[in-house]
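Data block below; observations after.
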Amino acid sequence: MASMLDRLLAADISDPTDFPDAATAAGLRPFDDAVRCTICREFYDAPVTLTCGHCFCSACIRSALPEQQTCPACRKPASEVHIRKDVAMETAVQAWKNARPLMLRLACEEAARKAQPVQPPHARHDASHSERSGHGNKRRRLDFPLTGSEDEAVVVSSSPAPSGSPTSHALPDTVLCPVCQKQVFSQKINGHLDSNCKRYIAEGSNTSGPIAESSKSKQKQRWDQLFSSGSGGSGASAKTKDKGKGKSRAAPDDDEELEHLPKVAYDIHPHKRIADMLTEWGLPTHGDKTALARRHKKWIVLYNANVDRAPAHRRTLDQLRSDLRKAEEAEQKTRKETVDDPVAYQKANKAAFAKLTEAARPKKATPPAQAQTQEDGRDTADGAKPDGPDDQRGAPTAEADDVIDVDEEH
Amino acid sequence: MAVSTRRLQKELADIKRDGTPVGITLLSAEDFATWYLSVEVLGNTVYEGEKFALKFRFDGQYPISAPAVQFVVDDTYQAPVHPHVYSNGHICASILGSEWSPVLSVVSVCVTIQSMLASCKKKERPPDNDRYVSHAPENPKKTRWDFHDDKYVPSSPRRSTVSVLTISRRSV
Numbered sequence: 001m002a003s004m005l006d007r008l009l010a011a012d013i014s015d016p017t018d019f020p021d022a023a024t025a026a027g028l029r030p031f032d033d034a035v036r037c038t039i040c041r042e043f044y045d046a047p048v049t050l051t052c053g054h055c056f057c058s059a060c061i062r063s064a065l066p067e068q069q070t071c072p073a074c075r076k077p078a079s080e081v082h083i084r085k086d087v088a089m090e091t092a093v094q095a096w097k098n099a100r101p102l103m104l105r106l107a108c109e110e111a112a113r114k115a116q117p118v119q120p121p122h123a124r125h126d127a128s129h130s131e132r133s134g135h136g137n138k139r140r141r142l143d144f145p146l147t148g149s150e151d152e153a154v155v156v157s158s159s160p161a162p163s164g165s166p167t168s169h170a171l172p173d174t175v176l177c178p179v180c181q182k183q184v185f186s187q188k189i190n191g192h193l194d195s196n197c198k199r200y201i202a203e204g205s206n207t208s209g210p211i212a213e214s215s216k217s218k219q220k221q222r223w224d225q226l227f228s229s230g231s232g233g234s235g236a237s238a239k240t241k242d243k244g245k246g247k248s249r250a251a252p253d254d255d256e257e258l259e260h261l262p263k264v265a266y267d268i269h270p271h272k273r274i275a276d277m278l279t280e281w282g283l284p285t286h287g288d289k290t291a292l293a294r295r296h297k298k299w300i301v302l303y304n305a306n307v308d309r310a311p312a313h314r315r316t317l318d319q320l321r322s323d324l325r326k327a328e329e330a331e332q333k334t335r336k337e338t339v340d341d342p343v344a345y346q347k348a349n350k351a352a353f354a355k356l357t358e359a360a361r362p363k364k365a366t367p368p369a370q371a372q373t374q375e376d377g378r379d380t381a382d383g384a385k386p387d388g389p390d391d392q393r394g395a396p397t398a399e400a401d402d403v404i405d406v407d408e409e410h
Numbered sequence: 001m002a003v004s005t006r007r008l009q010k011e012l013a014d015i016k017r018d019g020t021p022v023g024i025t026l027l028s029a030e031d032f033a034t035w036y037l038s039v040e041v042l043g044n045t046v047y048e049g050e051k052f053a054l055k056f057r058f059d060g061q062y063p064i065s066a067p068a069v070q071f072v073v074d075d076t077y078q079a080p081v082h083p084h085v086y087s088n089g090h091i092c093a094s095i096l097g098s099e100w101s102p103v104l105s106v107v108s109v110c111v112t113i114q115s116m117l118a119s120c121k122k123k124e125r126p127p128d129n130d131r132y133v134s135h136a137p138e139n140p141k142k143t144r145w146d147f148h149d150d151k152y153v154p155s156s157p158r159r160s161t162v163s164v165l166t167i168s169r170r171s172v
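Order-wise, the sequence lines are chains A and B.
Mind the numbering: the first sequence is residues 1 to 410 in the UniProt record's numbering, read in order.
Mind the numbering: the second sequence is residues 1 to 172 in the UniProt record's numbering, read in order.
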């Protein structure tokens, strides 16, 4: 069990704590936290706000509101009609997702550098820079991103897998300007761009020199990625058109006009009607009425959350169907321990129960029985009154919950 | 992967990397169904020097639905003697029932319970302790708690219990 847990933990769970603390990388951890939903702790997916201003993933808040009609964060009254999409947040999240790997790498390098004592070559670079830049008071800031060796500089300026590391010929603390293709001090790249590529060019940089074309294009891509991600851009609108065609029931010409599905009162509908509602969307209709209603409810949540996404990020109906299937399967796994029909479960596991009863009986006679046995005994008895004041056990009922523990014990 | 599993993964990662608030320790989190944490009340309180353990049980709907939280009562741990805590470990706290909010977390629940204990002046059991304990379901989530601020008259005398306890935000 523990190893399974470790494996799960090793999987990709990105978390604000990935970033070094405030002393090393001030603001990065809070920022990473700020673009995450407080319900699921993931980056906002289709962020929406309530009237109180609190922001959540559309699917998260649409699942939470039926349980309690208040904002989960501040408990002000809220309802689904108050949900408004937060386009700015969605753009910010997308941009941060793209920038995060780079920021994380830089921040971790910084943390590693801080942990190490200053190396001699480093000092040399520092000196040369403060002379050239002529900003005496900026000296400390200057050596911030500088790295001790040329190898590390490659990491700063090129893609994650630098094969052949062509940029190792460049000055260690410089990057290629994506516009003029000249070596620029990495700290000054913004100022350089602002000055129309006139200032802060590193002396000795040689544009026609040893820098391989591949690395240039790689860098360019990286920058393009960083810059383009911020603005949904023109490519987005083209995509929108494509997706519109794929949707059978969507408004034909404009995705913006997609409408939220209304909630359904499943209690007043017969099984057949709910099955029809599912068929309407091409969804499976196996299971009893409760299962169908749950499926349709989840579908409405997923569908409405999708409407809250920017058109460029919307998923197709087929993708949504597969999302629903995955969610249902995942839930099945966690629900494995709960028992919907205790009687049937009892019948199916009769042999196991009998064995547990047998194991528990003789020990029950002696008062100082161990907790473990008591629990087993209680679970097995399933409805029989336990003796003794120990309340870990409480009074057993014939409810599913008591049966659960049997599973948990194994 | 179920939403509940991912959310718990993150909480666990947070605890492992950042630690827990003072007085709260993770005892075990073997899977994503049951966790145990210990709670100590620090400073000058009626529970000075005592250590309690909380058992959390999660279903697939967490964090939309509240976890089942109770004090562990076994050879090592006892439930604190507190007007809102029954001798079987069940806790009558509104944030574990009707006032649960999905932005709360395992750690924030621990902190709330810690402060609930810290503010206690007099050690005593709830007035209906014996009656409740003799009929209590195994899982505290199956109890329909009637909180003091409820406007309704308790539906059944067996369930009349106490507690007004609200916290408004997750404490991060």
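Even for Gly, the Cβ is constructed at its ideal location relative to N, Cα and C.
With a threshold of 8 Å on Cβ separation, who are the neighbours of A/Val35 within its own chain once the five nearest residues in sequence on each side are excluded? Sequence-distant partners of A/Val35 (beyond 5 residues in either direction) whose C-beta falls short of 8 Å from its own C-beta, in its chain, are Phe43, Tyr44, Met89, Ala92, Val93 and Trp96.
Mind checking B/Gly19: buried by the 16 CB within 10 Å criterion, or exposed? Burial state of B/Gly19 is exposed, judged by a 10 Å Cβ sphere holding fewer than 16 other Cβ atoms.
Can you tell which of A/Glu331, A/Gln332, A/Ala64 and A/Asp267 has its C-alpha closest to the C-alpha of B/Glu99? Comparing Cα-Cα distances from B/Glu99 to each of A/Glu331, A/Gln332, A/Ala64 and A/Asp267, the minimum goes to A/Ala64.
With contact counted as at least three CB pairs below 8 Å, one residue from each stretch, are the stretch 53–69 of chain B and the stretch 120–140 of chain B in contact? Yes, they touch.
Name the residue from A/Trp281, A/Thr285, A/Thr290 and A/Thr38 whose alpha carbon lies nearest to the alpha carbon of A/Ile300. If we check each option's Cα against that of A/Ile300, A/Trp281 comes out closest.
Spell out whether any CB of chain B is found under 8 Å from the CB atom of A/Ala64. True, the Cβ-Cβ gap to chain B drops below 8 Å.
Close Cβ partners of A/Thr279 (< 8 Å) along its chain, the five nearest in sequence each way excluded: Excluding sequence neighbours, A/Thr279 sits near Thr285.
Is there a C-beta anywhere in chain B that falls below 8 Å from the one on A/Ala73? Yes, A/Ala73 lies at the interface with chain B (some Cβ there is under 8 Å from its Cβ).
Nearest to B/His82 by alpha carbon, out of B/Arg57, B/Pro102, B/Gln114 and B/Val106? Answer by Cα proximity: B/Gln114.
Hey, how far is the Cα of A/Ala26 from the Cα of A/Gly191? A/Ala26 and A/Gly191: Cα-Cα distance of roughly 22 Å.
Would you please state the rounded distance, in angstroms, between the beta carbons of B/Asn129 and B/Tyr86? I believe it to be under 8 Å. B/Tyr86 and B/Asn129 do touch by the CB rule: their CB atoms are close to 5 Å apart, below 8 Å.
Mapping DSSP to helix, strand and coil, what is A/Gln68? A/Gln68: coil per DSSP, three-state reduction.
Does any residue of chain B have a CB that is nearer than 8 Å to the CB of A/Ala330? At least one C-beta of chain B is nearer than 8 Å to the C-beta of A/Ala330.
Could you give the distance in angstroms between the alpha-carbon of A/Phe19 and the alpha-carbon of A/Ala115? Rounded to the nearest angstrom, the gap between the Cα atoms of A/Phe19 and A/Ala115 is 15 Å.
Measuring alpha carbon to alpha carbon, tell me which residue in B/Ala13, B/Val107, B/Thr76 and B/Ser119 is nearest residue 214 of chain B. Any answer about residue 214 of chain B is impossible in this case: the structure gives chain B only from 1 up to 172.
By alpha-carbon positions, which one of A/Asp194, A/Tyr266 and A/Pro311 ends up nearest to A/His296? For the residues A/Asp194, A/Tyr266 and A/Pro311, the minimum Cα distance to A/His296 belongs to A/Tyr266.
Please report the distance separating the alpha-carbon of A/Leu28 from that of A/Pro16. Going by the C-alpha atoms only, they are around 8 Å apart.
Roughly how many whole angstroms lie between the Cα atoms of A/Leu356 and B/Tyr132? Each residue's alpha carbon lies about 28 Å from the other.
If the criterion is Cβ atoms closer than 8 Å, does the pair A/Ala73 and A/Arg309 meet it? Cβ atoms of A/Ala73 and A/Arg309: not closer than 8 Å.
Between the Cα of B/Pro63 and the Cα atoms of A/His313, A/Cys37, A/Arg199 and A/Leu324, which residue gives the shortest distance? Considering only alpha carbons, the answer is A/Cys37.
Which word fits B/Ala53, buried or exposed, when buried means at least 16 other C-beta atoms lie within 10 angstroms of its C-beta? Sixteen is the threshold: when 16 or more other Cβ atoms of the shown chains lie within 10 Å of the Cβ of B/Ala53, as they do, the residue is buried.
Closest residue to B/Lys51 among B/Ser38, B/Asp59, B/Lys122 and B/Arg7 (Cα-Cα distance): The shortest C-alpha separation from B/Lys51 is found at B/Ser38.
Alpha carbons only, please: which of A/Ala111, A/Ser14, A/His271 and A/Arg100 is nearest the one belonging to A/Asp21? Looking only at A/Ala111, A/Ser14, A/His271 and A/Arg100, the smallest Cα-Cα distance to A/Asp21 is reached by A/Ala111.
Among A/Asp32, A/Ala59, A/Ser14 and A/Asp33, the one whose alpha carbon lies nearest that of A/His260: For the options A/Asp32, A/Ala59, A/Ser14 and A/Asp33, the alpha carbon positioned closest to that of A/His260 is the one of A/Ala59.
The beta strand (DSSP E) that contains A/Phe31, what's its start and end? Unbroken run through A/Phe31 is the alpha helix (DSSP H), Leu28 to Ala34; no beta strand (DSSP E).
Whole-Å CB distance - A/Val307 paired with A/Leu258, under 8 Å assumed: Confirmed, about 5 Å.
Mind checking residue 200 of chain B: buried by the 16 CB within 10 Å criterion, or exposed? Chain B is shown from 1 up to 172; residue 200 of chain B falls before or after that span and cannot be answered.
Going along the stretch 125–150 of chain B in order, which residues come within less than 8 Å of chain A, judged by CB to CB distance? Of all residues in the stretch 125–150 of chain B, Val133, Ser134, His135, Ala136, Pro137, Glu138, Asn139 and Lys142 have a Cβ within less than 8 Å of some Cβ in chain A.
Examine chain B for any beta-carbon lying closer than 8 Å to the beta-carbon of A/Ile300, and answer yes or no. Not one chain B Cβ lies under 8 Å of A/Ile300.
Could you say if the stretch 5–20 of chain B and the stretch 73–84 of chain A meet the contact criterion of at least three C-beta pairs nearer than 8 Å? No, they do not touch.
By the 10 Å Cβ neighbour count, where 16 or more other Cβ atoms means buried, how is A/Gln319 classified, buried or exposed? A/Gln319 sits exposed, since fewer than 16 C-beta atoms from the chains shown fall within 10 Å of its C-beta.
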